[in-house]
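Asker: Questions regarding the structure given below will be posed in turn.
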């Protein structure tokens, strides 16, 4: 397990604590609620520190793009936790007000409050949906970037292979030139030897003719 994985494990542990505390928020009221909210906020701050540390570790990691995608997802999770805290506080206030103020309030105030709460929930859902779409877009972009990098690596390897083949062709061409020079030299020596041999044959024939003529004259 490397440093990033250990930090990610600590982050997940804090996230589990945040989720558990948020679920308990509607059960509190008054000072207990404030204390519980502060505890959740402290956990969120700690989670953000782990995310910042993971972002630094991801910069020089071999799987940089994959890890950066993870950290962006974790940022989205933190924003979702913050909205859930606000909703939990709103639900708590609604529960308390149902037992106090709203019991004596006109129906139009209660309806207005319910409408505002519904709009807030819808806005939160829309924001979650938008965040998910942005995250998927980023993941696709990261995957495309990774594919592009792999293609560049493959092209680099193919370029090295082509350069190696070109060097081998140059080497073969040099060897052919050297062989051609050797063959040319051999041909020249053969031609020279042929001329010398022909001269020797002519000389021998001349000597033989001269000997025959001298014998005939005698």
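In this note's numbering, the protein residues as written are 795 to 1012. From the three backbone atoms N, C-alpha and C, an ideal C-beta is built for every residue, glycine too.
(1) Between 939, 995, 997, which lies nearest to residue 859 when the distance is taken from Cα to Cα?
(2) Taking the alpha-carbon positions, what's the residue 862 to residue 879 distance?
(3) Alpha carbon to alpha carbon, how far is residue 872 from residue 838? Give it in angstroms, no decimals.
(4) Roughly how many angstroms separate the alpha carbons of residue 993 and residue 983, rounded to a whole number?
(5) Would you tell me roughly how many angstroms separate the C-alpha atoms of residue 995 and residue 989, rounded to the nearest one?
(6) Relative to the alpha-carbon of residue 796, which residue among 1010, 828, 854 has its alpha-carbon at the smallest distance?
(7) Run the CB neighbour count on residue 815, radius 10 Å, all protein chains shown included, and call it buried at 16 or more, exposed below.
(8) Can you give the Cα-Cα distance for residue 1021 and residue 955, rounded to whole angstroms?
(9) Does the separation of the CB atoms of residue 852 and residue 798 fall below 8 Å?
(10) Using C-beta distances below 7 Å, list every residue in its chain close to residue 840, excluding the 5 sequence neighbours before and after it, in chain order.
(11) Between the alpha carbons of residue 946 and residue 937, how many angstroms are there, rounded?
(12) Closest to residue 848 by C-alpha separation, out of 825, 832, 865, would be which residue?
(13) Sorted by chain position, which residues of the same chain lie with C-beta nearer than 7 Å to residue 818's C-beta, five sequence neighbours on each side aside?
(14) Relative to the alpha-carbon of residue 931, which residue among 867, 999, 1001 has its alpha-carbon at the smallest distance?
(15) Would you report the Cα separation of residue 971 and residue 987, rounded to the nearest angstrom?
(16) Rank 834, 826, 803, 823 by C-alpha distance to the C-alpha of residue 813 and give the top, closest one.
(17) So for residue 813, helix, strand or coil by DSSP?
(18) Just to confirm the assignment, what range does the alpha helix (DSSP H) spanning residue 824 have?
(19) Less than 7 Å between C-beta atoms, sequence neighbours within five positions excluded: which residues of the same chain meet that for residue 1002?
Answerer: Put simply:
(1) 939
(2) 26 Å
(3) 7 Å
(4) 15 Å
(5) 10 Å
(6) 854
(7) buried
(8) The requested residue 1021 does not occur in the structure, where the chain is confined to residues 795 to 1012.
(9) yes
(10) 808
(11) 14 Å
(12) 865
(13) 830
(14) 867
(15) 24 Å
(16) 834
(17) helix
(18) 824-853
(19) none
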